[in-house]
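The structure under discussion appears below in the form of C-alpha cells.
Protein chains: 2
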Amino acid sequence: MFGPWSFRRFHHDPEACFAGGGRGRHHRHRGGHHGHGGDGPGPGGGDNPWGGNPFGGNPWSFFFRGRKTRRGDVRAAILALLSEQPRNGYQIMQELEQRSGGVWRPSPGSVYPALQLLQDEDLVKAEESGGGRVFQLTEHGRAYVKEHAEDVSAPWEAARAAAGEDLPELLGLAHQVGVAAAQVAHAGTPAHVAEARKVLQDARRALYRILAEDAPEHGR
Amino acid sequence: MFGPWSFRRFHHDPEACFAGGGRGRHHRHRGGHHGHGGDGPGPGGGDNPWGGNPFGGNPWSFFFRGRKTRRGDVRAAILALLSEQPRNGYQIMQELEQRSGGVWRPSPGSVYPALQLLQDEDLVKAEESGGGRVFQLTEHGRAYVKEHAEDVSAPWEAARAAAGEDLPELLGLAHQVGVAAAQVAHAGTPAHVAEARKVLQDARRALYRILAEDAPEHGR
DNA sequence: CGAATGTCTCCGATATATCGACGACACACG
DNA sequence: CGTGTGTCGTCGATATATCGGAGACATTCG
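If you read the protein sequences in the order shown, they are chains A and B. Here the first sequence is numbered in this note's numbering, starting from 246 and rising by one per residue. Here the second sequence is numbered in this note's numbering, starting from 246 and rising by one per residue.
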C-alpha cells in the first residue's frame with residue numbers, strides 16, 4: 246500500500262491517519278557534502294515553531310509530502326516528454342507539475358538521477374544550450390519508446406486522478422481565508438484584528454467539530 | 246518608501262494596497278542560460294490558477310514577497326554571522342531566516358554575489374569542505390569588522406520588528422484552519438466536506454465584512 | 001500461499017549559481 | 001529645496017546536483 250502521506254494512500258485507504266509530522270519529522274540531515282545536522286525548520290523546530298516560514302508554510306505541504314508516484318513513473322514521464330521535444334531538467338519538472346494540475350512535481354532528487362541512468366542506457370543524450378543542458382532522445386531512445394509504448398505512460402494523469410476533487414477545493418477556500426486574514430492584519434485596526442482572530446478560531450473549532458461528529462461509516 | 250510588497254511598507258504605510266499579483270506577476274522570465282519564457286505558475290497562469298501548487302501555495306507568500314531589507318543589509322548580516330563562525334552559503338541563508346523568526350530569508354541571488362564581492366575585497370575567503378564551500382573572515386575581514394562595528398549590524402532584528410505581531414498571529418491561525426480543512430477533505434464523508442465548505446465560505450465572508458466596515462480611521 | 005527480507009526508486013533537504021526586474025537610495029539640476 | 005535621473009543591491013525564478021531516509025515492489029523462504 247502507499248505510504249502514510251501519499252495521496253494514493255489517501256485515495257485508497259481512507260483509514261490513513263494524519264497524526265504526526267510525516268517524513269519531514271523523521272528525516273535526518275545528512276553528512277557528507279552536506280554537513281549541518283541541526284534540528285530542521287519543521288513544526289516545533291528552532292525559534293519559529295511553524296517551519297521556515299514564520300507563518301507556518303502552507304498547511305497542505307505538511308500533509309501532501311512524500312511519494313506521489315510509483316517506481317518507474319519518473320522514468321516513464323521523462324521518456325514521454327522527451328519523445329515530444331527536447332527539454333532541460335528544470336523544464337521536465339515544471340511540465341510534469343503543470344500536466345498533473347500541480348499535484349506532482351518530481352523532485353530534482355529523482356529527475357537528475359533518472360536522466361543520468363537514461364544516458365547510461367544510451368536512450369537519452371544531453372547537449373549544452375544557453376548555459377544549461379537540454380536532454381533529448383537518441384535514435385536508440387526513439388526506437389525504445391516505440392517498442393515499449395506501454396511502459397512510456399502518462400503517470401501525471403494517474404497522479405491527477407488520485408488527488409481527487411475535495412482536497413483541492415477545500416484548500417483553495419482555506420487559501421482565500423488566509424488571504425483575507427492577511428488583509429485584515431495589514432489594513433485593519435486592533436479591533437478588526439481581534440475580530441478576525443475570533444472568526445478564525447471559530448472556523449477552526451467548527452471544522453474539528455465536523456471531524457468529531459464522525460460516526461462509524463455507512464455506505465462508504 | 247518601501248516597495249508595495251515589503252513588510253516595511255506595510256508597517257509604515259498602512260494605505261498600501263494588496264491589489265494585484267506583486268512582483269511575481271510582472272517578473273519576466275529571462276533569457277541567457279535560462280531559456281524558457283512561458284507563462285509562470287502564478288495566479289491565473291496555466292492550467293492551475295493557484296500557482297505551482299494546486300492548492301494555491303500559501304496565502305502569505307502572495308503578499309510577503311519582494312524586498313524585506315535595505316541596501317547593504319545582506320552584506321552586513323554576512324559579516325556579522327561570519328565574525329561568529331565560518332559558514333557556507335546555505336547556512337547563512339538558514340541562520341538569517343531563523344534569527345529573523347522567519348520573516349527574512351535572503352535569496353541565493355543576494356547571498357552568493359555578496360559573498361563573491363566580500364572575497365573580491367579580501368574580507369572573506371572560501372575553503373572547500375565536505376563537498377561545499379565554507380566561508381570565513383580573513384585577517385583583513387576581522388580588522389574591518391572591528392573598525393566598522395556600526396556597519397556590521399543585525400538587520401534581522403529590524404526585519405523581525407518590522408513584521409510586527411498581527412500578521413504572524415492571524416496567518417498562524419489561518420494555517421490551522423487549512424490543516425483542519427485538509428483533514429476533513431481526507432477523512433470526511435461527502436456530507437462533511439459540504440459542511441466544511443460552508444464553514445470556510447462563512448469565514449471568508451466574515452473576514453471581508455470586517456474589512457468592509459472600516460470607517461475613516463480614528464486615532465491611528 | 002503468506003510473511004519476511006532485500007532492493008530499487010522517489011523525495012525532501014541541502015548546496016550552489018546567475019539573470020533580469022525592481023525598489024530604494026544617492027546625486028544632480030532647475 | 002523638490003524633482004528627476006542614475007546607480008546599486010535585493011529578490012524570485014531558473015537550473016543543476018547529490019545524499020540519506022523511506023515507501024513500494026520483487027523475491028525468497030517456511
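For each residue, glycine too, the CB sits at the ideal point set by N, CA and C. No experiment lies behind these values; they were computed from the predicted model shown.
Interface annotation, residue 386(A): not in contact with chain B, CB-CB separation never under 7 Å. Judged by their CB atoms, residue 310(B) and residue 422(A) are not nearer to each other than the 7 Å cut-off. By the CB criterion at 7 Å, residue 383(B) and residue 367(B) fall inside the cutoff. In the DSSP assignment, residue 369(A) is bridged to 382(A). Here the C-alpha atom of residue 371(A) lies approximately 9 Å from the C-alpha atom of residue 360(A). A distance below 7 Å between beta-carbons, with the five flanking residues on each side excluded, links residue 405(B) to the following residues of its chain, in chain order: 345, 346 and 348.
With a contact defined as Cβ atoms closer than 8 Å, residue 341(A) and residue 351(A) qualify at about 6 Å. Linking residue 337(B) to residue 378(B) through their CA atoms gives a straight-line distance of about 12 Å.
Boundaries of the alpha helix (DSSP H) harbouring residue 424(B): 411-432, taken from the DSSP string. Counting C-beta atoms within 10 angstroms of its own C-beta, residue 313(B) has 16 or more neighbours from the protein chains shown and is therefore classed as buried.
Among the residues facing chain B, residue 449(A) is included, as its CB has a counterpart in that chain under 7 Å away. In chain order, 425 make up the part of chain B whose C-beta sits under 7 Å from the C-beta of residue 453(A).
Burial is judged here by how many other beta carbons sit within 10 angstroms of a residue's own beta carbon; residue 411(A) has at least 16 and is buried. DSSP links residue 377(A) through a beta bridge to 374(A). Counting of Cβ neighbours within 10 angstroms places residue 318(B) among the buried residues, the total reaching 16 or more. At least one CB of chain A lies nearer than 7 Å to the CB of residue 412(B).
Residue 449(A) sits in a helix when the DSSP states are folded into three classes. Taken through DSSP and simplified to helix, strand or coil, residue 332(B) comes out as strand. Looking at the backbone, the Cα of residue 455(B) and that of residue 320(B) are separated by about 41 Å. Within the stretch 313-335 of chain B, no residue places its CB atom closer than 7 Å to a CB of chain A. Shortest Cα-Cα distance from residue 363(A) to any of 430(A), 386(A) and 440(A) involves 386(A). Comparing alpha carbon positions, the residue from 375(A), 343(A) and 315(A) closest to residue 333(A) is 375(A). DSSP places residue 392(B) in the helix class (H, G or I) of the three-state scheme.
For the stretch 363-384 of chain A, the set of residues with a beta-carbon nearer than 8 Å to any beta-carbon of chain B comprises 374, 375, 376 and 377, in chain order.
With respect to the C-alpha of residue 327(A), the residue from 354(A), 390(A) and 315(A) having the closest C-alpha is 390(A).
Nearest CB-CB separation between residue 395(A) and chain B: not below the 7 Å threshold. Annotation for residue 405(B): the continuous alpha helix (DSSP H) segment containing it runs 400-408. For residue 402(A), not one C-beta of chain B is nearer than 7 Å to its own C-beta. For residue 415(A), the nearest CB of chain B lies under 7 Å from its own CB, placing it at the interface with that chain. Contact between residue 426(A) and residue 445(A) holds: CB atoms are separated by about 6 Å, below the 8 Å threshold. Secondary structure at residue 351(A): coil, using DSSP grouped into helix, strand and coil. Distance from the Cα of residue 418(A) is smallest, within the candidate group 417(B), 355(B) and 442(B), for 442(B).
For residue 430(A), a Cβ of chain B is located within less than 7 Å of the residue's own Cβ.
The Cβ of residue 439(A) sits no closer than 7 Å to any Cβ of chain B. For residue 421(B), the chain A residues whose C-beta falls within less than 7 Å of its own C-beta are 449, listed in chain order.
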